[in-house]
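Below is one structure; the comments refer to it alone.
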């Protein structure tokens, strides 16, 4: 069996799928809970269970099946979100917050975490929309992302004595593989990213994966309750400075 067992909730698209592929390539055991059917070739290291995470009974059944199939869980990564185009506020919160809470509570109650010496790592993927407003996203998205940060802080304090570390990764600009062609056709957007972001590039899925791997690894064994912003330094700038520095035509 692989070295560690990762539970990835919401691993069927974008950075979530890229994380699953990275873990499998590294020889890790991976269990994925997602609404979509498996998008990857069969592997003895992979358990993929389509499930509606807002259905608590089905969610608990799927979690038990993950442990039965791949062993106790070393790390859990929460990347799920409600992707419908309607402004379904309650569903946003149910998918992002209620399902995360239900998952953690069940795993703890059933003693499904492995009890790793370095402490098991739980990572919730939020967004800089947890404290800034992104007009292209709806209200439920913002409230759920902000809620994840406080959820992580609460669980970090509550579960620390059990050896469970809980942290957040908050990305900003991420160009995912599926969007590469769009940005190639709209290079003016990437030009602005390179101009305004201190590290002079947009982020990638791998940048987010690297932060997740750090927070679930031995190197972060004394870090819990933190929100790691992965933005290339963009949010260090004041809004006024960005306006003043905006290219003139």
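Residue numbers (full-length UniProt numbering): 1 to 249. No residue lacks a Cβ here, since even glycine has one placed at the ideal position from N, Cα and C. Fair warning: this is a prediction, and the values are worked out from it, not measured in the lab.
Quiz prompt | Range covered by the alpha helix (DSSP H) that runs through residue 208 | solution = 205–215
Quiz item: Cβ of residue 215 versus every heavy atom of the ligand MN: is any distance shorter than 7 Å?
Solution: This structure lacks the ligand MN; in fact it carries no ligand of any kind.
Quiz item: Quick one: what's residue 48 bridged to in DSSP?
Solution: 32
Quiz prompt | Alpha carbon of residue 126 to alpha carbon of residue 177, nearest angstrom | solution = 19 Å
Exercise. Under 7 Å Cβ to Cβ from residue 59, same chain only, skipping five residues before and after it: list those, please.
Key: 51, 53, 99, 102, 103
Quiz prompt | Exposed unless 16 or more other CB atoms sit within 10 angstroms - verdict on residue 105 | solution = exposed
Quiz prompt | Between the CA atoms of residue 133 and residue 38 - distance to the nearest angstrom | solution = 33 Å
Exercise. Whole angstroms is fine: what's the gap from residue 13's alpha carbon to residue 26's?
Key: 19 Å
Quiz item: By Cβ distance, which residues of its chain are closer than 8 Å to residue 97, with the 5 residues on each side in sequence left out?
Solution: 144, 147, 148, 151
Self-check item: DSSP-derived helix/strand/coil call for residue 229
Solution: strand
Quiz prompt | For residue 250, the three-state DSSP class (helix, strand or coil) | solution = Here the chain comprises residues numbered 1 to 249, so residue 250 is not present and cannot be evaluated.
Quiz item: In chain order, what residues of the same chain lie with their CB nearer than 7 Å to the CB of residue 1, ignoring the 5 residues before and after it?
Solution: In this prediction, residue 1 scores a pLDDT of 46, lower than 50, which makes its location untrustworthy; no coordinate-derived value is stated.
Exercise. Starting from residue 155, trace the alpha helix (DSSP H) both ways and give me its first and last residue.
Key: 139–159
Practice problem: Check the DSSP bridge columns for residue 165 and list the partner residues they point to. | Solution: 121
Practice problem: Grab the span of the alpha helix (DSSP H) containing residue 8 for me, first residue to last. | Solution: Per DSSP, residue 8 belongs to no alpha helix (DSSP H); it is in the beta strand (DSSP E), 5–9.
Self-check item: Integer Cβ distance of residue 163 from residue 232, believed to fall under 8 Å
Solution: About 33 Å; that fails the 8 Å criterion.
Quiz prompt | Residue ranges of each beta strand (DSSP E) within the segment 53–124, 3 or longer | solution = 75–78
Exercise. Note down, in chain order, each residue of its chain lying with its Cβ closer than 6 Å to the Cβ of residue 199, except the 5 sequence neighbours on either side.
Key: 232, 233
Quiz item: Does the segment 218–227 touch the segment 157–171, meaning 3 or more C-beta pairs lie closer than 8 Å?
Solution: yes
Practice problem: Would you mind working out which of 202, 197, 73 sits nearest residue 183, comparing C-alpha positions? | Solution: 202
Exercise. Could you pull the start and end residues of the alpha helix (DSSP H) that residue 244 belongs to?
Key: 239–244
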